[in-house]
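Q: Here's a structure for you.
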Amino acid sequence: MTLTDRRTALRAGAAAAVAGTLAAACGTEPPARPARPAHPTGPAAAPAAAPAPRRFPGLPDEIANGPRDRPRVALTFHGQGDPGIARALLTEAEKAGARVTVLAVGSWLDQHPGLARRVLDGGHDLGNHTQRHLDINAMTEQEAYGEISACATRLRRLTGSVGTWFRPSRTRSATPAVRRAARRAGYPHVLSYDVDSLDFTSPGAAAVVAHVTGPVRNGSVVSLHFGYADTVAALPLLLADLDRRGLRAVTTTELLT
Numbered sequence: 275m276t277l278t279d280r281r282t283a284l285r286a287g288a289a290a291a292v293a294g295t296l297a298a299a300c301g302t303e304p305p306a307r308p309a310r311p312a313h314p315t316g317p318a319a320a321p322a323a324a325p326a327p328r329r330f331p332g333l334p335d336e337i338a339n340g341p342r343d344r345p346r347v348a349l350t351f352h353g354q355g356d357p358g359i360a361r362a363l364l365t366e367a368e369k370a371g372a373r374v375t376v377l378a379v380g381s382w383l384d385q386h387p388g389l390a391r392r393v394l395d396g397g398h399d400l401g402n403h404t405q406r407h408l409d410i411n412a413m414t415e416q417e418a419y420g421e422i423s424a425c426a427t428r429l430r431r432l433t434g435s436v437g438t439w440f441r442p443s444r445t446r447s448a449t450p451a452v453r454r455a456a457r458r459a460g461y462p463h464v465l466s467y468d469v470d471s472l473d474f475t476s477p478g479a480a481a482v483v484a485h486v487t488g489p490v491r492n493g494s495v496v497s498l499h500f501g502y503a504d505t506v507a508a509l510p511l512l513l514a515d516l517d518r519r520g521l522r523a524v525t526t527t528e529l530l531t
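Mind the numbering: the sequence shown is residues 275 to 531 in the numbering used here, read in order.
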């Protein structure tokens, strides 16, 4: 397939995905997709409470990717924005048998507390993305601790634990002070990523897919966002591409286990 043919296919797929989302919103369902094998962790197996953070011996304080010798990737979503888009993305992932990691902003959980349960009920990882989504690397260690612990308090109240992971806000990599603050708040590791979808720039679904499928490989941790329509349109195309390449989308915990 030529590059032009590939771009045409991606545009057509994105249009179909958006049409399906609109059809569902209007009460009509798009054509049924072929059944995919069930993921071993389904809604019925969702935990009564969010799993607590765990230490992975031998891994650094800041993790950007998992093992490169297994065909797995972790799709991680920064959790804020339109709750309808968040639910659509979770549903789309589950249709494809994928599980993801959601790093939730505390103020977003204050506004939409039911989404914490929705994430866990889908078998996904749920973690901490600070309370107000400010530039955490510009803060003092004590200020950073306040941001992290405030979100952790929301997660504990809603799910019974502080969540599985912590990702710093407005940065890919945390400063040593932020890493210390995260450990103090109960997170042994900071979760970074090695593939950036750039979906927050709203480049179009085809570009989001290309930004991921170009560099993604075994063990990759991919950064995506709730709140952007391009991501909704891109996700089924992205998951289909990963499937064709034999890459399975799993939670970050599964990626590292």
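Think of the CB as a built atom: it goes at the ideal place given N, C-alpha and C, for glycine as much as any other residue.
1. For Val490, name the three-state secondary structure that DSSP assigns.
2. Compute the distance between the beta-carbons of Ala367 and Arg373, then report whether it is under 8 Å.
3. For Ala378, which three-state DSSP category applies?
4. According to DSSP, is Ala390 helix, strand or coil?
5. With a CB to CB cut of under 7 Å and the five nearest residues on each side skipped, what residues in its chain are close to Ala338?
6. Taking the beta carbon of Phe330 as the centre, do at least 16 other beta carbons fall within 10 Å, making it buried, or is it exposed?
7. For the 8 Å Cβ check, are there 3 or more pairs between the stretch 481-494 and the stretch 454-462?
8. Give a yes or no on whether the minimum CB-CB distance between Pro331 and chain C is below 8 Å.
9. Would a C-beta distance cut-off of 8 Å place Asn411 and Thr449 closer than the cut-off?
10. Would you call the CB atoms of His463 and Leu333 closer than 8 Å?
11. Would you give the residue range spanned by the alpha helix (DSSP H) that Ala326 belongs to?
12. Could you have a look at Ala338 and say whether DSSP puts it in helix, strand or coil?
13. What are the boundary residues of the alpha helix (DSSP H) that Asp399 is part of?
14. I'd like to know whether the C-beta atoms of Thr505 and Leu498 end up nearer to each other than 8 Å.
15. In three-state terms, what does DSSP make of Val452?
16. Decide yes or no for the touch test of the stretch 383-396 against the stretch 512-529: beta carbon pairs closer than 8 Å, at least 3 of them.
17. Exposed or buried, what is Arg428 when buried is set at 16 or more other beta-carbons lying within 10 Å of its beta-carbon?
18. Apart from the five residues just before and just after Ala324, which ones in its own chain have a Cβ nearer than 7 Å to its Cβ?
19. Going by the DSSP bridge assignment, what does Asp504 pair with across the sheet?
A: Checking against the coordinates, here is how it stands:
1. For the purposes of this step, residue 490 is taken as the residue at position 216 of the sequence shown. Val490 falls in the coil class under three-state DSSP.
2. On the sequence shown, residue 367 is found 93 positions in, with the first residue counted as 1. On the sequence shown, residue 373 is found 99 positions in, with the first residue counted as 1. Yes, they are a contact pair.
3. Position 104 of the sequence shown holds residue 378. It is a strand residue.
4. By 1-based counting over the sequence shown, the position of residue 390 is 116. The answer is helix: DSSP assigns Ala390 an H, G or I state.
5. Residue 338 sits at position 64 when you count from the first residue of the sequence shown. Within the same chain, Ala338 has close Cβ partners Ser466, Tyr467, Asp468, Val495.
6. Position 56 of the sequence shown, counting from 1, holds the residue named residue 330. Exposed is the call here.
7. no
8. You won't find chain C in this structure, because it holds only one protein chain.
9. One-based indexing of the sequence shown puts residue 411 at position 137. One-based indexing of the sequence shown puts residue 449 at position 175. Cβ distance < 8 Å, so Asn411 and Thr449 count as in contact.
10. The residue given as residue 463 occupies position 189 in the sequence shown. The residue given as residue 333 occupies position 59 in the sequence shown. Yes; because the gap between Cβ atoms is below 8 Å, this pair is in contact.
11. Numbered from its first residue, the sequence shown carries residue 326 at position 52. Element bounds for Ala326: n/a, residue is neither H nor E.
12. Counted from its first residue, the sequence shown places residue 338 at position 64. Three-state DSSP puts Ala338 in coil, outside helix and strand.
13. Counting from 1 along the sequence shown, the entry for residue 399 is found at position 125. That residue, Asp399, is in no alpha helix (DSSP H); its beta strand (DSSP E) goes 399-402.
14. Counted from its first residue, the sequence shown places residue 505 at position 231. Counted from its first residue, the sequence shown places residue 498 at position 224. Their beta carbons are under 8 Å apart, which means Thr505 touches Leu498 by this criterion.
15. Counting from one through the sequence shown, the residue named residue 452 turns up at place 178. Residue state, collapsed to three classes: helix.
16. no
17. The count along the sequence shown starts at 1 and reaches residue 428 at position 154. Buried, since its Cβ has 16 or more Cβ neighbours within 10 Å.
18. Reading the sequence shown from its first residue, position 50 is the one you call residue 324. Excluding residues within five positions, the ones whose Cβ falls inside 7 Å are Leu394, Leu400, Leu429, Thr433, Gly434, Ser435, Gly437, Thr438.
19. Against the sequence shown, residue 504 aligns to sequence position 230. Per DSSP, none; premise fails for Asp504.
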